[in-house]
Amino acid sequence: MDLHGRSLIGRETLGRGANSFHAVDPASGARLAPPFLEAIEEEIDAALEAAEAAFAPYRALKPDRRAAFLREIGERILALGDVLIRRAAAETGLPEGRLVGERDRTVNQARLFADLIEEGSWVDARIDTAQPDRKPVPKPDLRRMLIPLGPVAVFGASNFPLAFSVAGGDTVSALAAGCPVVVKGHPAHPGTSELVARAILRAADQCSLPSGVLSLLQGAGHEVGLRMVTHPLTRAVGFTGSLAGGRALFDAAARRPDPIPVFAEMGSVNPVFILPGALRRRGREIAEGLHGSVTLGTGQFCTNPGLTVIPGEGDTEPFLHRLAELTRASAPGTMLHAGILRAYLEGLRRMRELRSVGILEQAAAGASEDRTQAGAAVFHTSAEVFLADRTLSREMFGPSTLLVSWNSKEQLRRIVEGLEGQLTATLHATDEDVREFAWLIPLLERKAGRLVVNGFPTGVEVCPAMHHGGPYPATTDERGTSVGTAAILRFARPVCYQDFPQEALPVELRDGNPRGILRLMDGRFTRKGRE
131 MDLHGRSLIG RETLGRGANS FHAVDPASGA RLAPPFLEAI EEEIDAALEA
181 AEAAFAPYRA LKPDRRAAFL REIGERILAL GDVLIRRAAA ETGLPEGRLV
231 GERDRTVNQA RLFADLIEEG SWVDARIDTA QPDRKPVPKP DLRRMLIPLG
281 PVAVFGASNF PLAFSVAGGD TVSALAAGCP VVVKGHPAHP GTSELVARAI
331 LRAADQCSLP SGVLSLLQGA GHEVGLRMVT HPLTRAVGFT GSLAGGRALF
381 DAAARRPDPI PVFAEMGSVN PVFILPGALR RRGREIAEGL HGSVTLGTGQ
431 FCTNPGLTVI PGEGDTEPFL HRLAELTRAS APGTMLHAGI LRAYLEGLRR
481 MRELRSVGIL EQAAAGASED RTQAGAAVFH TSAEVFLADR TLSREMFGPS
531 TLLVSWNSKE QLRRIVEGLE GQLTATLHAT DEDVREFAWL IPLLERKAGR
581 LVVNGFPTGV EVCPAMHHGG PYPATTDERG TSVGTAAILR FARPVCYQDF
631 PQEALPVELR DGNPRGILRL MDGRFTRKGR E
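Just so you know, we're using my numbering here: the sequence shown kicks off at 131 and counts up by one.
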């Protein structure tokens with residue numbers, strides 16, 4: 131399939147701008163054809179106007195038609211076959227096996243949201259029937275449910291070119307809610323973005339959907355994204371990326387005459403706490419799991435553990451010896467693009483210059499900067515140093531972790547209390563540890579969106595119970611998740627209908643409950659209708 135290198139505005143392919151950029155193969159440094167034209171203001175405006183025009187007819191579709199669209203998106207992505215996998219591998223340096231798995235996850239999450247909206251209870255229907263004879267004031271008939279917000283701006287992520295990109299979780303959850311989407315493709319994989327966007331547009335044609343239900347804007351700079359966020363027709367934003375990027379979009383949205391929600395997933399060091407009993411009994415085993423989690427994807431998952439907190443006393447030698455051994459033997463890995471590598475190398479340089487921080491071990495095999503490679507490293511310091519220098523708790527995106535040793539429960543408590551918001555926090559503990567350190571769990575609940583016991587944070591299951599979010603700076607809104615079916619709630623808002631005639635109500639709120647969804651009826655959950 132030939133790539134056009136243009137933005138896709140609904141069913142139109144547009145590229146009137148003068149500025150262009152190329153994707154780069156991070157493993158070789160080679161520029162990849164074709165050049166991609168940066169979207170200009172008129173094209174951004176056209177994309178949002180097309181989304182607004184599509185909103186009313188798209189949200190009015192019966193849920194089974196939107197569900198069919200999501201399933202068709204999955205089929206069209208699968209139909210791209212090896213063309214998609216090869217292009218994504220060339221643009222990201224990720225192995226083809228990893229990308230096949232990511233493609234399957236992308237398709238499966240589209241199907242998951244299709245099932246969700248077909249069943250229908252996600253709209254959170256609540257009905258309080260009228261009591262006209264109530265004294266001293268009659269009670270009106272009140273009915274409430276969630277409706278879609280409107281056009282949503284989505285930003286593709288660098289580290290997941292499929293699952294967090296054009297057809298990723300933000301896009302499919304917004305489409306499932308009934309919102310048209312305008313995506314800014316990530317400049318590191320614009321060809322992959324174009325291929326997937328074309329697959330979605332073919333699915334829209336197959337399902338006879340309005341033009342403008344999805345648009346793709348290409349751009350390497352910040353201007354495209356900022357105009358998307360500040361455009362008056364944009365009603366919400368989904369973003370995965372750096373703290374600086376997410377905060378810039380959040381601030382821009384807050385400065386609008388009508389501020390809109392920005393659901394940005396940004397920075398997290400995902401601390402791992404290894405308690406004394408677990409360290410004594412399973413030190414080597416924990417070291418092996420930790421090393422695998424730190425280096426997975428060359429440390430470019432948002433849930434890689436960048437901070438590991440261990441007791442300073444006790445039987446630490448088996449754990450430290452095994453972790454050092456595995457780190458030394460680690461092969462270098464290709465990072466997604468040169469900008470990520472530069473940031474990681476700067477982080478390594480900064481850590482090595484700190485006299486109060488030592489290096490436990492680093493990869494013996496040399497990493498080639500020309501091939502955008504990074505090597506693993508494990509640093510160590512004391513609780514006293516860590517508590518005195520807040521910069522040590524910053525995320526360093528790459529295959530490294532910082533070990534912090536504590537010598538008292540008070541130090542451990544202060545470490546936890548001083549942490550910023552996180553996507554995850556992990557405990558390795560025996561049953562005895564859990565009882566002795568029970569006070570840790572309520573502290574960690576205030577710091578992270580997902581708590582893990584005797585496992586590792588990498589590997590995010592896509593399912594209804596998953597929460598992938600957390601307090602700032604992990605995200606800009608800790609109530610939202612970007613993974614799992616609850617992600618749909620970000621792109622909907624409640625409306626209450628008072629004393630409406632039956633025929634004017636949304637079908638989900640009518641007495642007979644024709645869809646058979648679960649509703650809160652006069653204080654009780656039921657699927658039954660009302661006579």
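Using N, Cα and C, we set each Cβ at its ideal position, and we do this for glycine too.
Distance from the Cα of F294 is smallest, within the candidate group H467, S251, V592, for V592.
Look at the beta carbons and you see the region 309-316 not touching the region 381-392: under three pairs across the two are nearer than 8 Å. Per DSSP, the unbroken alpha helix (DSSP H) holding D561 starts and ends at 561-566. Residue range 552-558 is occupied by the beta strand (DSSP E) that includes T556, with no alpha helix (DSSP H) assigned at that position. Pairing T433 with L471 gives a Cβ-Cβ distance that is not under 7 Å. L178 sits in a helix when the DSSP states are folded into three classes. For the pair G135 and P165, the CB atoms are nearer than the 7 Å cut-off.
With a cut-off of 8 Å on Cβ pairs, the region 493-501 is not in contact with the region 532-542, counting fewer than three such pairs.
Per DSSP, the continuous beta strand (DSSP E) segment holding P165 begins and ends at 161-167. Under the DSSP assignment, R328 falls outside any beta strand (DSSP E), being part of the alpha helix (DSSP H) whose first and last residues are 320-336. When C-alpha distances from S341 are compared across E566, A186, T511, R620, the shortest belongs to A186. In the structure shown, T606 adopts coil according to DSSP, grouped into three states. Collapsing the DSSP output to three states places M358 in a helix. The region 403-414 makes contact with the region 553-572: 3 or more CB pairs, one atom from each, lie closer than 8 Å. The beta carbons of A604 and G646 sit no closer together than 7 Å. Three or more Cβ pairs drawn from the region 227-246 and the region 298-312 lie within less than 8 Å of each other, which places the two stretches in contact. For F630, there is no enclosing beta strand (DSSP E), as DSSP gives it neither H nor E. Non-local beta-carbon contacts of L650 in its own chain, meaning distances under 6 Å to residues more than five positions away in sequence, involve R256 in chain order. Bridge pairing for A622: P278 [DSSP]. DSSP places G429 in the helix class (H, G or I) of the three-state scheme.
Per DSSP, reduced to three states, the secondary structure at T615 is helical.
With a contact defined as Cβ atoms closer than 8 Å, G349 and G429 miss out at about 27 Å.
One alpha carbon belongs to G585, the other to L420, and they sit about 9 Å apart. The Cβ atoms of P320 and G250 do not sit closer than 7 Å to each other.
Counting C-beta atoms within 10 angstroms of its own C-beta, D519 has fewer than 16 neighbours from the protein chains shown and is therefore classed as exposed.
Assigned with DSSP and collapsed to three states, Q492 falls in strand. Annotation: the region 341-389 contains the following complete segments of the beta strand (DSSP E) (minimum length 3 residues), in chain order: 344-347, 366-370.
Per DSSP, reduced to three states, the secondary structure at D258 is strand.
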